[in-house]
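The next block holds one structure in the form of structure tokens; read it before the comments.
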Ligand SMILES: Cc1cc2nc3c(=O)[nH]c(=O)nc-3n(C[C@H](O)[C@H](O)[C@H](O)COP(=O)(O)OP(=O)(O)OC[C@H]3O[C@@H](n4cnc5c(N)ncnc54)[C@H](O)[C@@H]3O)c2cc1C
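Numbering (the numbering used here), first residue to last: 71 to 645.
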């Protein structure tokens with residue numbers, strides 16, 4: 071056959087394609103998820119006192135390194151090797167045990183042991199810091215950790231929240247009895263927590279709880295009944311909702327109990343894990359069903375106020391869910407950005423293609439809104455716990471807002487970021503499928519989307535949260551000077567929040583009729599508030615990029631849009 075010599079361009083193309091075979095798909099594994107995140111350090115510097123930030127910086131960097139490397143490997147392994155339930159010991163004793171994969175246990179050591187994430191909010195001198203670290207320290211480290219592993223963050227958050235609720239409502243003797251186990255620094259000694267609320271007939275409708283509590287002569291209680299969804303079911307302690315014998319029907323008959331796994335004589339308490347659930351996501355972590363057969367428990371707080379007290383634990387977990395959703399989105403976006411910068415098609419990098427740029431923006435703004443909400447809600451939690459005026463009312467509305475919208479956005483962002491990796495995104499050896507599977511759970515547990523959207527309206531009705539949110543947003547807007555944002559943009563931000571607030575108030579005023587508007591109200595408050603807070607951050611950080619994202623939040627998620635019209639940032643908003 072007569073072969074013509076290859077042209078230089080063909081030779082170069084052949085060389086390029088050989089090179090691309092050496093590195094066929096860009097892989098970000100091993101990168102530091104903290105130092106490669108250009109916005110995270112300046113944002114934390116904005117929200118944390120300088121000394122706290124300086125102290126935390128090496129821990130953040132270490133966590134970022136682990137999350138991008140070792141933890142990511144462990145998470146993949148643990149996802150493929152879910153825990154199993156053992157019913158008997160090898161010598162024939164009926165002792166139930168959840169067998170966790172060593173990869174999961176190694177991740178536990180990092181979270182509970184090395185970084186003290188479950189005890190950080192409950193004791194001083196953690197991570198070498200004199201005094202107690204602010205809530206944001208815990209959430210910033212969790213935000214990085216969850217970018218590798220989502221499942222474990224549920225038991226971690228329940229342990230943290232259980233300790234908080236016990237300290238807040240438990241009788242001093244009860245708190246003293248278990249405090250050292252719950253706040254032990256050593257991983258081997260640290261007890262874990264769980265929360266057993268849901269029953270077959272009582273999920274969202276907790277008032278329908280059927281588990282019964284009978285008082286005992288020694289002051290303890292005996293619980294009988296079944297709990298249908300119990301994550302971390304072999305935890306050392308669980309908070310349980312039960313109905314005291316003879317108590318009125320509905321919410322007023324429900325009390326809160328602390329259920330230890332082990333009795334004082336060292337034997338197992340009288341409850342069994344009936345089976346473990348096979349789940350779409352959080353496969354690394356066990357969720358099961360529990361049957362209580364006269365299990366010994368201790369009343370926490372006041373009889374008949376179980377739901378109100380449990381709400382404190384649930385709200386803390388809902389905030390943690392928002393942090394996790396924000397972390398999942400950040401991971402998804404960072405992976406997508408990396409692929410877009412490294413992978414080439416049609417002779418150029420994906421990130422240089424206008425349509426891809428638009429897709430990436432749509433992912434980024436959702437991830438950044440959630441990140442801003444994490445920072446704002448953590449700050450509100452600190453103000454609330456310090457008893458500052460308005461702190462509780464603000465926290466009370468921001469928590470369901472982030473739980474509702476960030477968890478929903480995480481579904482879309484993880485799914486669409488998966489597509490940026492092309493076919494590989496669908497393959498289980500990459501992070502994308504795990505992120506997608508895990509992200510879907512955030513909207514279901516700890517209150518479904520409908521339930522938390524309705525809770526936004528409840529916060530407005532019962533806690534007077536709306537004027538507090540408006541006042542807080544106004545103070546942020548007032549700190550944005552004219553050099554950073556044009557008057558037209560600031561006016562658009564104010565107008566968006568005013569409209570969202572009027573809409574939410576009208577939904578509240580319409581009572582039952584307004585319920586159907588709850589999701590729209592919660593979303594519009596979230597979008598208009600995050601746009602303002604992001605603009606404030608951008609102004610403080612002097613970040614034109616973040617200011618553009620704040621503008622895009624309004625353009626893409628708030629303002630009415632004609633789908634057939636090109637929606638650009640209005641010229642009057644640009645400085
Ligand atoms: C993997 C996993 C782990 C879990 N771990 C735990 C745990 O550790 N502890 C625990 O206590 N629970 C746990 N849960 C349970 C979880 O919190 C519940 O499944 C959730 O609260 C929903 O309750 P449900 O399943 O009974 O659904 P339902 O309450 O029956 O809800 C069904 C649908 O009805 C909608 N709905 C209900 N009420 C209203 C309303 N008023 N208006 C509009 N729509 C409404 C809901 O939004 C939902 O879409 C877990 C669940 C999962 C999937």
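The C-beta atom is built at its ideal place from N, Cα and C for all residues, glycine as well.
Residue 265 is bridged by DSSP to 309. 8 Å or more divides the Cβ of residue 391 from the Cβ of residue 499. Around the beta carbon of residue 542, a 10 Å sphere encloses 16 or more other beta carbons of the protein chains shown; the residue is thus reported as buried.
Our two residues, residue 370 and residue 640, have alpha carbons roughly 55 Å apart in a direct line.
A contact is defined here as three or more CB-CB pairs under 8 Å, and the stretch 121-132 meets this definition with respect to the stretch 209-221. The shortest C-alpha to C-alpha distance from residue 288 to any of 367, 324, 512 and 484 is the one to 367. Taking the Cβ of residue 264 as the reference point, at least one heavy atom of ligand 1 falls within a distance shorter than 7 Å.
By the CB criterion at 8 Å, residue 611 and residue 222 fall outside the cutoff. Secondary structure at residue 99: coil, using DSSP grouped into helix, strand and coil. Within the chosen limit of 7 Å, ligand 1 reaches the beta carbon of residue 349 through at least one heavy atom. For a cut-off of 8 Å, the C-beta gap from residue 364 to residue 343 is around 16 Å, too long to register as a contact. Taken atom to atom, the span from the alpha-carbon of residue 269 to that of residue 593 is near 29 Å.
Segment contact: the stretch 479-490 against the stretch 379-399, three or more CB-CB distances shorter than 8 Å; contact assigned.
Contact between residue 539 and residue 584 does not hold, since the beta-carbon distance rounds to 18 Å and is not under 8 Å. The beta-carbon distance between residue 490 and residue 570, rounded to whole angstroms, is 31 Å. This is too long to meet the 8 Å contact definition.
Ranked by Cα distance from residue 470, the first of 186, 520, 322 and 267 is 520.
Cβ contact annotation for residue 462 (same chain, cutoff 8 Å, sequence separation greater than five): 454 and 533, in chain order. Spanning the alpha carbons of residue 341 and residue 329 requires a straight line of approximately 10 Å. For the pair residue 637 and residue 626, the Cα-to-Cα distance works out to about 8 Å. Scanning its chain for C-beta atoms nearer than 8 Å, with the 5 sequence neighbours on each side dropped, one finds around residue 430 the residues 403, 406, 407, 410, 421 and 490, in chain order. Annotation for residue 277: 320 and 321 place their beta carbon closer than 6 Å to its own, counting only its chain and skipping 5 residues before and after.
Close CB contacts of residue 227 within its chain, under the 6 Å cut and outside five residues either way in sequence, are with 387 and 390 (chain order). The Cβ atoms of residue 231 and residue 383 lie closer than 8 Å to each other. Boundaries of the alpha helix (DSSP H) around residue 472: 461-490. Shortest gap from the CB of residue 554 to any heavy atom of ligand 1: 7 Å or more.
Every unbroken stretch of the beta strand (DSSP E) spanning 3 or more residues and falling wholly within the stretch 303-384 is given here in chain order: 307-314, 324-330, 341-346 and 357-370. Nearest neighbour of residue 326 by Cα position, chosen from 381, 246 and 425, turns out to be 381. Secondary structure of residue 296 (DSSP, three-state): strand.
Shown here, residue 444 sits in a helix according to DSSP, grouped into three states. Under DSSP, residue 155 forms a beta bridge with 168.
Relative to the non-hydrogen atoms of ligand 1, the Cβ of residue 477 never comes closer than 7 Å to any of them. For residue 291, the beta-bridge partners assigned by DSSP are 285 and 367. Nearest to residue 238 by C-alpha distance, out of 290, 378 and 165, is 378.
In the DSSP secondary-structure assignment, residue 272 is bridged to 269. As computed with DSSP, residue 593 is found in no beta bridge at all. Using a 10 angstroms sphere on the CB of residue 550, the tally of other CB atoms reaches 16 or more, which defines it as buried.
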